[in-house]
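Trainee:
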Amino acid sequence: MSAAAWAAQPWIQGIGWGLVHSLWQGALVVAAVRLLAAAGPDDPRRRHRLAAAGLALMLAAAAATAVREAHRAAEGAGTPAWTQAAMPAPEPAAAREAGSHVTAEGAEAAGLLDGLQTSRIEPIRRMLDSAMPALVAAWACGVLLLGVRLGRGWQATRRVRTRGVRALPADWDARVRRLAARMRLSRPLRALQSAAADVPMVIGALRPVLLVPASLLTGMPAAQLELLIAHELAHVRRHDYLINLLQAVAETLLFYHPAVWWVSGQVRQERESCCDD
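Be aware that the sequence shown starts at 0, since it is given in numbering that gives the first Met the number 0, and climbs by one per residue.
Below, the structure written as structure tokens:
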């Protein structure tokens, strides 16, 4: 397949233009999130919801744009919507018949305007169209690399969950169960002491496991350790694993966009504040 034919593939055009349009779409989402966050009360839960919604909106907008542009390319109208206004529309028969009502000066001015718009935008559009295969290939390489990193991180987390773990002492197991009952957790939770973990952490979504570092069981005041454990249980109660999944998808697919990393950082910051509260 020639380079020109490859560039004209609908899915190449769809993904490519989805990536291009996501740049201004993400900027608008960040502006809206910051404006709404500043205009409302000082509530970390509200800011967390705004940031998470912004992240989901950026993903949805990029996907919807890619699908729309792929359909347009498949139908033979692959010109992006923002360039269509610059292209002269065909003259209807009725207008031709009524041409005597249009002055020569007006027709000449309209033609000059259309030609000026087309001459400015068409070279940019053609350049971007021809660059779409390289753009999509570079994006796919980035997604692949981040996907590999994500997979390695998941494997490392699985190792921490299973390596050097054993049951909690009876008194601490009872404390964790009391905390879970007070926080009204909707799912069963296993609590283990870990020799590999440095801080208390919850691993797993459907069957969460709380890992408590063995060193903290004897080296930290009980009341302080209970606060750390309660913080981790709050993540389970809030179903933060779903937002973690959204963040992983957004950061992998839209890795090139600074807005995604900023909004994702806001999600993490406000999530920790919510659990502290």
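Ideal Cβ positions, reconstructed from N, Cα and C, are used throughout, including at glycine.
I think residue 279 touches residue 188, with their Cβ atoms under 8 Å apart; what is that distance to the nearest whole Å?
Mentor: Outside the displayed span of the chain (0 to 276) sits residue 279, for which this structure offers no information.
Trainee: Taking the alpha-carbon of residue 13 as reference, which of 60, 248 and 160 has the nearest alpha-carbon?
Mentor: If we check each option's Cα against that of residue 13, 60 comes out closest.
Trainee: Compare the C-alpha of residue 206 against each of 56, 226, 184 and 193 and name the closest.
Mentor: Of the candidates 56, 226, 184 and 193, the one whose C-alpha sits nearest the C-alpha of residue 206 is 184.
Trainee: Give every residue of the same chain whose Cβ lies closer than 7 Å to the Cβ of residue 281, excluding the five residues on either side of it in the sequence, and list them in chain order.
Mentor: The shown model of the chain, from 0 to 276, leaves out residue 281, and the question about it has no answer.
Trainee: Restricting to Cα atoms, I'd like to know which of 261, 258, 247 and 9 is closest to residue 152.
Mentor: Selected option, being the one with the closest Cα: 247.
Trainee: To which residues of the same chain is residue 275 closer than 7 Å at the C-beta, ignoring the five residues directly before and after it?
Mentor: Taken in chain order, the residues that qualify are 230.
Trainee: Note down, in chain order, each residue of its chain lying with its Cβ closer than 6 Å to the Cβ of residue 58, except the 5 sequence neighbours on either side.
Mentor: Answer for residue 58: 249, listed in chain order.
Trainee: Have a look at residue 270 and residue 43 and give me their C-alpha separation to the nearest angstrom.
Mentor: Rounded to the nearest angstrom, the two C-alpha atoms are 8 Å apart.
Trainee: DSSP has residue 200 in a bridge; who is on the other side?
Mentor: Per DSSP, 210.
Trainee: Among the residues of its own chain, which have a CB less than 8 Å from the CB of residue 156, if the five just before and after it don't count?
Mentor: 202, listed in sequence order.
Trainee: Just verifying my parser: in three-state terms, what is the DSSP assignment at residue 193?
Mentor: If DSSP states are grouped into helix, strand and coil, residue 193 belongs with the strands.
Trainee: Examine the Cβ distances between the region 258–267 and the region 206–215 and report whether three or more of them are shorter than 8 Å.
Mentor: In short, these stretches do not touch, since the Cβ pair count stays below three.
Trainee: Can you tell me the Cα-Cα spacing of residue 8 and residue 63, whole angstroms?
Mentor: About 18 Å.
Trainee: Report the rounded CA-to-CA distance for residue 35 versus residue 16, giving the unit in angstroms.
Mentor: Cα to Cα, residue 35 sits roughly 28 Å from residue 16.
Trainee: Give the range of the beta strand (DSSP E) segment to which residue 291 is assigned.
Mentor: The structure shown does not extend to residue 291, since the chain spans only 0 to 276, so no value can be given for it.
Trainee: Report all residues from its chain with a CB closer than 8 Å to the CB of residue 259; omit the five preceding and five following residues, and keep chain order.
Mentor: Only 25, 54, 57, 249, 250 and 253 meet the Cβ criterion.
Trainee: In the DSSP assignment, find the alpha helix (DSSP H) that holds residue 236 and state where it starts and stops.
Mentor: Residue 236 -> alpha helix (DSSP H) spans 221–236.
Trainee: Which same chain residues, not among the five before or five after residue 168, have their C-beta less than 8 Å away from its C-beta?
Mentor: So the qualifying residues of the chain are 192 and 216.
Trainee: For residue 182, does the three-state DSSP call read helix, strand or coil?
Mentor: In the structure shown, residue 182 sits in coil (DSSP, three-state: anything other than H, G, I, E or B).
Trainee: Look at the alpha carbon of residue 40 and the alpha carbon of residue 268, and state the distance between them as a whole number of angstroms.
Mentor: Distance between the alpha carbons of residue 40 and residue 268: 17 Å.
Trainee: Assuming residue 204 contacts residue 159 (C-beta within less than 8 Å), just tell me the rounded distance between them.
Mentor: Incorrect: roughly 15 Å between the Cβ atoms, too far for contact.
Trainee: Thinking C-beta only, is residue 131 closer than 8 Å to residue 11?
Mentor: Cβ atoms of residue 11 and residue 131: closer than 8 Å.
Trainee: If you follow the alpha helix (DSSP H) that residue 40 is part of, which residue opens it and which one closes it?
Mentor: Taken as a continuous stretch (DSSP letters only), residue 40 belongs to no alpha helix (DSSP H), as it is neither H nor E.
Trainee: When you compare only the Cα positions, how much space is there between residue 18 and residue 150?
Mentor: Their backbone Cα atoms lie some 24 Å apart in a straight line.
Trainee: Taking the CB atoms as reference points, tell me whether residue 138 and residue 240 lie closer together than 8 Å.
Mentor: Taking 8 Å as the Cβ cut-off, residue 138 and residue 240 do not qualify as a contacting pair.
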